[in-house]
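I have placed the structure first, in the form of structure tokens, so that the comments after it can refer back to it.
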Amino acid sequence: LTLNPENPLQYDYDGEWRDIVAEDIEIEVLLADGSLETRGQTFYTSHYGPIMNLKDISPLFDGWPMFTGTVLAMRDANTSTAIRGLEQWITKAQATNLDEYVEALAIIGNPVFHDLAADRHGDAFYGEISTIPFVTTQQLVDCIDGLIGPLLAEQTSNVIIALNGSRSECEWGDDPEAPPGSNVYGASSLPQLRTTHYVANSNNSYWLSDANNPLTGFPVIMGPVGHENQQQFLRTRINHIMIAQRLAGNDGFDESPKFTLDTLKQLMYDNRVHAAELVLDDVLSICAGIEVIIGQPDSVPSRALEACAVLAQWDRRVNLDSRGAQVFTEFWEKVRAATGVGFQDVVENDDFWRVDFDPQDPILTPRGIDTDLESNHNLMINALSDAVLELDAADVGLDTPWGEVQVLERNQERVPLHGGDGKMGVFGAIEVGLQEGGYINPGSGNSYIQAVTWDESDCPLADVILTTSNSSDPASDHYADQSRLYSNKEWLRFPFCDSDIEAHQIGETLILQE
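Using the working numbering, the first residue of the sequence shown is number 9, and each one after it goes up by one.
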């Protein structure tokens with residue numbers, strides 16, 4: 009919004025000044041001594057939505073006004089999604105076939121997520137049928153102008169798009185197929201795929217939800233996180249690689265190609281670290297050339313060699329008995345930070361990779377470290393040394409088994425957790441930062457997991473696990489039960505049909521009515 013230089017609470021809209029509305033909000037806050045304290049905050053709103061300060065993305069976005077004489081206002085496509093979302097979830101749950109499920113998505117009640125579904129007849133569906141603002145490619149060209157718009161798009165890989173708020177032609181448009189007044193895209197305009205091959209997505213864009221059948225030609229606003237022809241997350245890449253190997257029957261699970269329920273479950277718990285598969289051989293070759301200064305055991309080269317010795321014996325997985333996963337976890341975090349990782353959590357530094365990203369080969373590129381560059385040798389040695397320092401400071405042994413390092417605390421029990429950081433290409437993602445004693449109490453990653461197939465009966469066969477267990481009550485018998493099962497790579501058969509539900513029921517049925 010371009011502000012009135014004589015009144016910072018007004019902004020230009022088609023050559024006229026509009027008012028920014030101030031609203032004072034007060035809440036009562038409970039203090040440690042049990043008393044209440046009233047606290048207030050003034051919020052400011054334009055006709056688009058609230059005024060925002062994005063200084064955490066860059067200091068350039070701080071100030072009222074910013075250095076360009078403007079402020080940022082946010083419009084949220086999901087302000088009217090709540091009721092539609094409830095309707096859509098109910099309608100999806102009532103679907104009896106894939107067609108009805110896909111029809112339910114046209115309600116556009118999904119705020120941001122990817123939808124994947126399959127049926128017993130061998131049909132699969134992927135769709136990014138979510139609330140995406142109706143902004144055309146031409147508007148993205150015409151309305152991301154000035155200094156702030158392009159800068160913000162660059163800083164966030166187009167995840168946050170700033171349109172020129174002073175021009176009515178930059179307002180969101182209307183899709184007659186979309187819910188009235190929503191100003192979002194209707195279902196048929198959004199990326200989707202119906203196939204008998206496969207669909208998969210690991211929180212990247214729609215582009216490679218089937219790596220052999222890319223979805224293309226959509227506005228960037230529909231897939232900013234790894235848009236078409238952009239480098240993909242390592243977790244996306246290992247996902248497609250594992251699927252391709254299973255379809256070929258050369259992954260060591262079963263010589264027969266394609267999936268069974270058992271091989272699907274094996275893939276889920278395989279715990280490969282794809283970043284290690286891509287770079288560790290090159291790292292170890294650099295390790296072979298490290299020269300240690302005699303009498304300086306705490307020097308950078310000495311610490312780096314400690315890490316090298318552990319990584320040389322590591323199995324390149326994040327299983328409970330894997331020794332050295334913590335070294336690679338901290339090492340890779342240092343590499344990512346030093347190579348200027350962008351908003352997408354991928355290493356985009358062309359000097360780092362031996363084989364650069366190729367949009368014609370997006371699953372197998374980039375790969376390898378360019379070991380001809382001395383800068384990469386220095387980067388590897390420093391990252392290895394820093395990893396040792398981080399682990400020493402946290403009192404974590406370099407070769408302590410992963411199951412003793414990554415845990416979920418339940419009462420006085422430390423439940424070992426396999427899996428690891430998705431940013432280093434672990435499909436079974438567990439997201440938790442290093443702290444004193446290890447990686448404790450993950451905040452995200454693997455949660456509810458299901459592997460499903462069918463037989464001749466009406467009931468689907470679903471093996472499931474809830475990594476955090478069913479209850480949040482420490483006194484409950486179900487506070488840690490499924491966490492232990494997950495730790496042991498076990499599963500539970502889900503009671504789907506009425507007879508199974510009745511057989512497994514615990515407690516009385518609670519009936520809700522108006």
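Where a beta carbon is used, it is the ideal one built from N, C-alpha and C, also for glycine.
These figures come from a predicted structure and were not determined experimentally.
Annotation for E95: I115, G117 place their beta carbon closer than 8 Å to its own, counting only its chain and skipping 5 residues before and after.
In terms of CA proximity to P119, D84 leads the group I28, I377, D84. No Cβ-Cβ contact shorter than 8 Å links W410 with S293. Here the alpha carbon of L80 sits roughly 33 Å from the alpha carbon of T244.
Rounded to whole angstroms, L381 and M388 show a C-alpha spacing of 11 Å. Only buried fits C316, as 16 or more other CB atoms lie within 10 angstroms of its CB. Comparing alpha carbon positions, the residue from L372, T104, V472 closest to A252 is L372.
For W361, the uninterrupted beta strand (DSSP E) segment begins and ends at 361-363. For L242, same chain residues with a beta-carbon under 6 Å away, outside a window of 5 residues either side, are H282, A283, G433 in chain order. Of the candidates I519, H122, S174, T139, the residue whose Cα lies closest to the Cα of V207 is H122. Note that the region 415-433 touches the region 483-499; at least 3 beta-carbon pairs, one per stretch, sit closer than 8 Å. Look at T203 here: in three-state DSSP terms it is strand.
With a beta-carbon spacing of about 7 Å, M230 and L198 fall inside the 8 Å limit used to define contacts.
By the criterion of at least three beta-carbon pairs nearer than 8 Å, the region 223-239 is in contact with the region 189-203.
Ranked by how close their Cα comes to the Cα of A395, the residues V318, D364, A511, Q458 have V318 in first place. Between R47 and V37, the gap from beta carbon to beta carbon is short of 8 Å. Excluding residues up to 5 positions away in sequence, W72, P73 lie with their Cβ nearer than 7 Å to the Cβ of P16 in the same chain. Looking at the backbone, the Cα of L425 and that of E341 are separated by about 20 Å. With contact defined as three or more Cβ pairs closer than 8 Å, the region 259-270 and the region 319-327 are not in contact.
With respect to the C-alpha of V300, the residue from E24, S452, R311 having the closest C-alpha is R311. Here DSSP, grouped into helix, strand and coil, assigns A132 to strand.
Here A219 is buried: its Cβ has 16 or more other Cβ atoms, across all protein chains shown, within 10 Å. A distance below 6 Å between beta-carbons, with the five flanking residues on each side excluded, links D183 to the following residues of its chain, in chain order: F142, Y193, G194.
In this structure, the straight-line span from the alpha carbon of S138 to that of R92 is close to 11 Å.
For Y56 against A30, the beta-carbon gap comes to about 16 Å, at or over 8 Å, which does not count as contact. One thing to note: R375 has its Cβ within 8 Å of the Cβ of L286. Only residues of its own chain outside the window of five on either side were considered, and among them D466, C467 have a CB closer than 7 Å to the CB of C505, listed in chain order.
Per the C-alpha coordinates, the member of D471, A333, I35, S477 positioned closest to Q274 is D471. Taking all protein chains shown into account, S455 has fewer than 16 neighbouring C-beta atoms within 10 Å of its C-beta and is therefore exposed.
From the listed residues T408, N357, Q163, L474, the smallest Cα separation to G446 is found for T408. The three-state reading of DSSP puts D508 in helix, counting H, G and I together.
For the pair E45 and L39, the Cα-to-Cα distance works out to about 7 Å. Listed as beta-bridge partners of L11 by DSSP are Y19.
Of all alpha-carbon atoms in I457, E439, E177, the one lying nearest the alpha-carbon of P450 is that of E439. Per the DSSP secondary-structure output, D471 pairs in a beta bridge with A459, R501.
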